Amino acid sequence: LREILNGTSQLSSLPLQILFYVNGIYYIFYFLATLAMIIYKSQAFSYPDEFLAPDLAVLPIMAILEVLRLYLGVKGNLTEEEAPLGLSLAITVSSAILSVYFLVWQTYVLKADVILNAVLLLTYGLESVLKVMAIAAFVS
Amino acid sequence: VAKLCVCDLLVAQCDVNCCCDPDCSADDFSLFTTCSVPVVTGDSRLCSQKAAVYSLDVEANPPEMIFKLIDQVNPSIFCIHATNYKQALSFSSPEMPTSENFDRLLEQFGSAAFSAEPDSWNVNTDTPNASDANETHSYQYGVPIQTVDSFLRLPSPVVSSWCSDANPAGFLVNQATRCTRAVSVEKCGDIQALSMLFYINSSILAVSTKQLFVFQVNITVQSVAVQSLNRTRTLLNDSDVLRLPVILDELCLNTVLGVSYHITYTDAGEIIEAAASFVLGAINKAALSIQQSFEISFTQVDTKPVPRSGNPGYVVGLPVRAGFRLQGYPFPGGTLLANANNYSPLTILQSTSEQDCLAAQGARTPVLFGYNMISGCKLRITEAMKCQPLTQTLLDLLKGQSFPEYVASFGNSQAQDVLDWVPITHLHVSEQSDSERIYHIFQSSCQIPVSLEIEVKWTKYGSLVNPQARIVNVTATITTTTVKQLPSGRERTIPVTSSVVFTDISSPAEPGYKAWPTINAKLPFDFFFPFV
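Structure, rendered in structure tokens:
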């Protein structure tokens, strides 16, 4: 039944897919911008090594998690499986925590940091809502 | 921010044109023209911060000061929104050194330039550390001579003239020091520096090293001389007995007055022998301090040092060498005896702090080439003095115990080359006019020598570019004066002097002219060919 396309509703969520696509592009920009700003901060302010190391370590971890998250989300959404989508939701939570780190617990939080992370968190929130709806649609 | 005021320099007084000064009243503000500090803010890189703005309203009468506390906003998107690092925007106070972090701080801040990475910059200290950790080093010039527990000490005056025992003797550094030591007769056994044991108890390490098993050299006692209270010295025959200070009859005997170390070394830089010669003396109850003199000299093994006073000409400041002719040798081909060490300078009387000639201890100072010297003392003549002994005493005083007969012409004259030695000419001059002399012939008069003047004539010898000093003539003139018999009870004081004068009798260089050029007008030998 699910394979009949016309007439039967498609369970994959289109808005979620669009959001994933936009998120991917935005994240690349976010990653480069945050890296550049950490480099700028280390030159412009006094940034001792014990504070620079955690900030520089969190960023690649976040990038890896993001790639994983987006891949799982896209796969789950397109194959209409709820398992990868559920896993992607779980990873979204940890990505959100890392984003909060960059927003609040970083050594130097610039206004640009605030803007970037706020937008990212907003995207995460919207995605989470759409993922929950998609999982509900797949399960039922 | 509202409380910060950079221009408030006077306490409890109003600073002029300082709008933020809390000591200023409204009347003071009326005298201001501007505000020297218009804005006080925190770090301008923060996104929003408080700022105190001071301005002077000159329109109002009287002028008043307006203070506003505003929020200043930094429009850039790179302004600091928050920091989680407390010392981010202020200067950090340095760490307090404690015993745990002292080494690390010393490494980081101890050199001329502070290094954030102390380990990577110190490349040079690695090599010396590795090499001298457990290796033996032969002594080098200036390195302190090590003994079993610390260093070989040569007490010397440091800031004042009091002896400091912390001065190490340097290898190959010949030193002679003199310093004052505080003493007391009651405690003379307790003061370590007064006993011989203090100077010879630790043995010297043959090489400079920190290893456990190193050849040690014991300091042997070479000779012991005892100086009595009237300053005469006698050399003792048995120098093996260790003499420690003893208290006897309000005197403390066997106290060390002088030590002379002689160290023998090899050409590899190892010490193989060490000997010490002592001068022991006695101190009486009244003495609060004594003067100790120390010296150290180094000799290379299997060599005999022959000090020269110049090579070949005399060097200014070095002693004039002199000697005697051995008895029984005819003059040409004979040899001169110039003391056991081949070193015997010409000496004159040395002025001491005691001005009385008869109490002088016979201290003599060597005559240094080129330095004119004069010294003397005062002679007190009483009625009881006899003429002949007095004359003899004064002659001994002026000339010394062994006045030499010959003086070396060059600084490096050998004793075998008799022709290199100049005989000393003696002259006697009487210090009185003719009439007085005739008068005194009829009276018993006493002629006593009162002055010895040594005149050394020297010349420049050798090339014009590097002339060498050569002594040509030495004349010793003794001046005598008549001493009249004094009425009883009266005393007379006569000054006695001795002096050395160096005169340069070198003839000046004469200009030489080139020969006139000759005209070499000769016909070639085959001019008349073929007729000749």
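Going down the list, the protein sequences come from chains A and B.
Reminder that position 140 of the first sequence reads as 140 in our numbering, one-by-one numbering, no gaps.
Reminder that position 296 of the second sequence reads as 436 in our numbering, one-by-one numbering, no gaps.
Note that beta-carbon positions come from the ideal geometry of N, C-alpha and C, so glycine has one too.
Every value quoted in this text rests on a predicted model; they were computed, and no experiment measured them.
Residue pairing for W598 (chain B): DSSP places it in a beta bridge opposite B:I611 and B:D644. Within the DSSP bridge table, the entry for P506 (chain B) names B:T487 as partners.
For C527 (chain B), there is no enclosing beta strand (DSSP E); the residue is part of the alpha helix (DSSP H) that begins and ends at C527 to K539.
The shortest CA-to-CA distance from V640 (chain B) to any of B:P452, B:I411 and B:E595 is the one to B:E595. Secondary structure note for P563 (chain B): its beta strand (DSSP E) is the uninterrupted segment W561 to S570. Between A503 (chain B) and L489 (chain B), the C-beta gap is smaller than 9 Å, which places the two residues in contact.
For S216 (chain B), the nearest CB of chain A lies under 9 Å from its own CB, placing it at the interface with that chain. Chain order gives the chain A residues near T223 (chain B) as T107, Y108 and V109, where near means a beta carbon separation below 8 Å. Counting C-beta atoms within 10 angstroms of its own C-beta, K131 (chain A) has 16 or more neighbours from the protein chains shown and is therefore classed as buried.
Under a 10 Å Cβ-count criterion, G76 (chain A) is classified as buried, with 16 or more other Cβ atoms of the shown protein chains found around its own Cβ. When only Cα atoms are considered, T34 (chain A) and Y101 (chain A) end up about 13 Å apart. Along the stretch 43-60 of chain A, going in chain order, the ones with a CB nearer than 7 Å to a CB of chain B are F45, S46 and F51. Between the alpha carbons of A649 (chain B) and L604 (chain B) lies a distance of about 8 Å.
If you draw a 10 Å sphere on the C-beta of K539 (chain B), you find 16 or more other C-beta atoms in it, and that means buried. With contact defined as three or more Cβ pairs closer than 8 Å, the stretch 309-324 of chain B and the stretch 240-250 of chain B are not in contact.
Bounds of any beta strand (DSSP E) do not take in T79 (chain A); it lies within the alpha helix (DSSP H) bounded by D49 to T79. In this structure, the CA atom of L294 (chain B) is about 11 Å from the CA atom of F338 (chain B). Here S170 (chain B) has P202 and P203 as same chain residues with Cβ atoms under 6 Å from its own Cβ, once five neighbours each way along the sequence are excluded. The stretch 435-445 of chain B and the stretch 376-388 of chain B do not touch, with fewer than 3 CB-CB distances between them shorter than 8 Å. Residue environment for D55 (chain A): buried (at least 16 other C-beta atoms within 10 angstroms of its C-beta).
Proximity to S549 (chain B) across B:R632, B:T505, B:A462 and B:Y511 peaks at B:A462, based on C-alpha coordinates. Taking the beta carbon of A112 (chain A) as reference, the chain B residues within 7 Å of it are I217 and F218, listed in sequence order. Under the 9 Å criterion on CB atoms, V119 (chain A) is classed as non-interfacial with respect to chain B.
Contact of C187 (chain B) with chain A by beta-carbon distance below 7 Å involves K111. Check the Cα spacing between S95 (chain A) and each of A:N23, A:P48, A:I135 and A:I18: the tightest is with A:N23.
Three or more beta-carbon pairs separated by less than 8 Å are not found between the stretch 120-138 of chain A and the stretch 146-161 of chain B, which leaves the two stretches without contact. If you check the CB distance, T615 (chain B) and I564 (chain B) come in under 9 Å. Residue B:V636 holds the alpha-carbon nearest to the alpha-carbon of D536 (chain B) among B:V636, B:R520, B:K624 and B:Y454. At least 9 Å separates the CB of M62 (chain A) from every CB of chain B. Cα atoms of P284 (chain B) and G409 (chain B): separation of roughly 13 Å, rounded to the nearest angstrom. About 5 Å separates the Cβ atoms of S570 (chain B) and T620 (chain B), confirming a contact at the 8 Å cut-off. Residue pairing by DSSP places Q367 (chain B) opposite B:R373 in a beta bridge. Using a CB distance cut-off of 9 Å, Y40 (chain A) counts as an interface residue toward chain B. Contact between E390 (chain B) and V323 (chain B) is ruled out by a C-beta separation of about 13 Å, above the 8 Å threshold. DSSP places G24 (chain A) in the uninterrupted alpha helix (DSSP H) bounded by L14 to A44. With contacts defined as CB atoms closer than 9 Å, S99 (chain A) and L120 (chain A) qualify as a contacting pair.
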